[in-house]
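**Student:** Have a look at this one.
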Ligand code: NAD
Ligand code: DAU
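In the working numbering, the protein residues as written are 405 to 754.
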């Protein structure tokens with residue numbers, strides 16, 4: 405079996421659902437269930453004995469040791485993290501604890517378990533760390549996209565904490581020989597994304613007739629990848645990645661934020677027209693994010709060349725699926741946008 409951390413969050417849940425739909429191998433899913441983790445994301449797995457859910461913290465070394473000894477996974481895939489840049493600006497502490505200390509504890513517990521395995525199992529074991537393109541910092545408008553060789557220049561508390569975790573993973577390979585793989589992916593979108601992130605936030609606000617907040621001038625550029633494509637890339641790296649290597653994952657979909665928001669508005673005009681007028685009327689410019697990175701772009705040629713992976717979805721197909729998913733799952737949106745979510749929106753947008 406495999407051990408997945410953070411498998412009740414956006415990407416982790418998509419990964420676990422896809423994994424169990426595609427093969428028989430069981431999953432132990434360790435998740436702390438922070439505001440971002442939601443068992444509703446996994447409700448399709450109720451009664452599925454190939455999915456073992458454990459609520460717990462990757463920073464809890466004793467729990468990790470027990471879980472690893474009990475289940476003896478052949479791989480650990482680390483999705484667990486604090487993931488929202490704006491939250492890291494308001495309160496970096498949780499980011500340091502989970503992304504840095506938590507990854508350290510997970511590496512240490514995994515190393516002890518791996519070292520005690522019989523030779524044959526040790527050779528096949530993998531620790532796959534899921535990271536982000538934000539560790540590379542920001543790009544000038546005409547600069548080439550980030551390759552795996554780009555230097556680390558993180559600019560936010562979030563990206564600095566992810567960069568630190570990447571370095572720990574690298575060191576555990578070079579020093580202790582732990583068989584690690586690291587992936588650095590661009591912005592994901594798709595089902596089950598918490599509506600604090602741009603795309604689900606805009607869909608949710610638009611449907612409620614609320615302002616669609618654009619930070620600064622809206623010309624910041626991100627590369628967007630459909631979450632299902634990220635999951636296939638991770639599976640491919642797990643199966644065939646070279647130990648100690650890092651792989652960039654991206655969608656070849658660089659776009660300014662304003663264009664993303666206008667695309668969503670146009671899709672909603674088509675699929676759920678608002679009698680009050682086009683959704684784009686709700687676009688509202690707000691104060692910029694402090695230290696806002698201007699542009700990210702991913703050069704994903706290495707994973708294509710070496711492992712034969714490339715995205716299946718274009719932005720047009722992926723964003724249409726995504727908008728439809730949110731329209732079909734208003735109950736899910738309603739569930740996750742009560743209580744603590746409202747406190748966050750009040751704090752961030754006033
Ligand atoms: P998310 O915030 O939706 O989910 C994170 C999950 O981790 C939640 O279920 C949460 O409960 C869990 N978690 C948090 N702290 C934990 C802890 N201490 N112990 C155990 N579980 C804990 O995040 P996401 O968007 O699904 O991102 C998953 C991973 O992918 C993160 O490592 C993130 O840095 C990385 N990533 C995300 C994107 C993106 O666009 N969302 C892109 C590239 C990389
Ligand atoms: O690049 C990968 C990263 O993508 C991941 O590592 C992070 O976990 C993930 O959260 C995401 O980070 P971003 O900061 O790029 O995503 P977010 O959805 O928060 O913002 C996308 C862009 O939209 C960014 O330029 C900020 C802008 N934005 C965001 C929000 C929430 C707005 O203009 N208005 C908003 O209300």
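Glycine included, each C-beta is placed from N, C-alpha and C at the ideal position.
Given the structure is predicted, the values throughout are model-derived calculations rather than measurements.
DSSP three-state label for residue 658, please.
**Tutor:** Note: residue 658 maps to strand in three-state DSSP.
**Student:** Please state the DSSP three-state secondary structure of residue 427.
**Tutor:** Three-state result, residue 427: coil.
**Student:** Taking just the CA atoms, how far does residue 578 sit from residue 727?
**Tutor:** Roughly 43 angstroms between the two C-alpha positions.
**Student:** What does the Cβ neighbour count give for residue 487, buried or exposed, with the cut at 16 atoms within 10 Å?
**Tutor:** Classification of residue 487: buried, given that the 10 Å Cβ count is 16 or more.
**Student:** Leaving out the 5 sequence neighbours to the left and right, which residues in its chain are closer than 6 angstroms to residue 750 when beta-carbon positions are compared?
**Tutor:** Closer than 6 angstroms at the Cβ level, and outside the excluded window around residue 750, lies no residue.
**Student:** Could you tell me which whole beta strand (DSSP E) segments of length 3 or greater appear in the region 594–667?
**Tutor:** Entirely contained in the region 594–667, the beta strand (DSSP E) runs reaching 3 residues are, in chain order, 616–619, 625–630, 650–653 and 658–660.
**Student:** Residue 458 bridges to which residues according to DSSP?
**Tutor:** Bridge partners of residue 458: 434.
**Student:** Nearer than 8 angstroms: is that true of the beta carbon of residue 536 relative to any heavy atom of ligand 2?
**Tutor:** Checking every heavy atom of ligand 2 against the Cβ of residue 536, one is found closer than 8 angstroms.
**Student:** Can you list, in chain order, the residues of its chain whose CB lies under 8 angstroms from that of residue 741, leaving out five sequence neighbours each side?
**Tutor:** Taken in chain order, the residues that qualify are 599 and 608.
**Student:** Any heavy atom of ligand 2 closer than 8 angstroms to the beta-carbon of residue 427?
**Tutor:** The answer is no for residue 427.
**Student:** What is the DSSP secondary structure of residue 478, reduced to helix, strand or coil?
**Tutor:** Coil.
**Student:** Under three-state DSSP, which class holds residue 689?
**Tutor:** Reduced to three states, the DSSP call for residue 689 is strand.
**Student:** Check residue 535 in the structure and name its three-state DSSP category.
**Tutor:** Looking at residue 535 - three-state DSSP - the assignment turns out to be strand.
**Student:** If you measure from the CB of residue 624, is any heavy atom of ligand 1 nearer than 8 angstroms?
**Tutor:** Outside the cutoff, so no.
**Student:** Under DSSP, the alpha helix (DSSP H) around residue 445 begins and ends at which residues?
**Tutor:** First-last for residue 445: undefined, no H or E at that position.
**Student:** Can the beta-carbon of residue 596 be found closer than 9 angstroms to that of residue 539?
**Tutor:** No; because the gap between Cβ atoms is not below 9 angstroms, this pair is not in contact.
**Student:** Look at the alpha carbon of residue 516 and the alpha carbon of residue 576, and state the distance between them as a whole number of angstroms.
**Tutor:** Roughly 12 angstroms separates the two Cα atoms.
**Student:** Is any non-hydrogen atom of ligand 2 found closer than 8 angstroms to the C-beta of residue 478, if you look at the structure I gave you?
**Tutor:** Outside the cutoff, so no.
**Student:** Please list, in chain order, all residues of the same chain as residue 479 whose beta carbon is under 8 angstroms from its beta carbon, the five residues on each side excluded.
**Tutor:** Once the five neighbours on either side are set aside, the close Cβ partners of residue 479 are 406, 407, 529, 530, 531, 532 and 642.
**Student:** Ends of the beta strand (DSSP E) at residue 409?
**Tutor:** Note, residue 409: beta strand (DSSP E), 406–409.
**Student:** Determine the DSSP secondary structure at residue 719, reduced to helix, strand or coil.
**Tutor:** Of the three classes helix, strand and coil, the one that applies to residue 719 here is helix, per DSSP.
**Student:** Residue 586 by DSSP, collapsed to three states: which one?
**Tutor:** Correct three-state label for residue 586: strand.
**Student:** I need the DSSP call for residue 592, collapsed to helix, strand or coil.
**Tutor:** Three-state DSSP puts residue 592 in a strand.
**Student:** Answer yes or no: do residue 653 and residue 713 have a C-beta to C-beta separation smaller than 9 angstroms?
**Tutor:** Cβ atoms of residue 653 and residue 713: closer than 9 angstroms.
**Student:** Assign residue 550 to one of three DSSP states: helix, strand, or coil.
**Tutor:** Looking at residue 550 - three-state DSSP - the assignment turns out to be strand.
**Student:** For residue 530, which beta-bridge partners are listed by DSSP?
**Tutor:** According to DSSP, residue 530 bridges with 479.
**Student:** Just to confirm my understanding: we take residue 752, look at its own chain, exclude 5 residues before and 5 after, and list those with CB closer than 7 angstroms. What are they?
**Tutor:** Once the five neighbours on either side are set aside, the close Cβ partners of residue 752 are 490.
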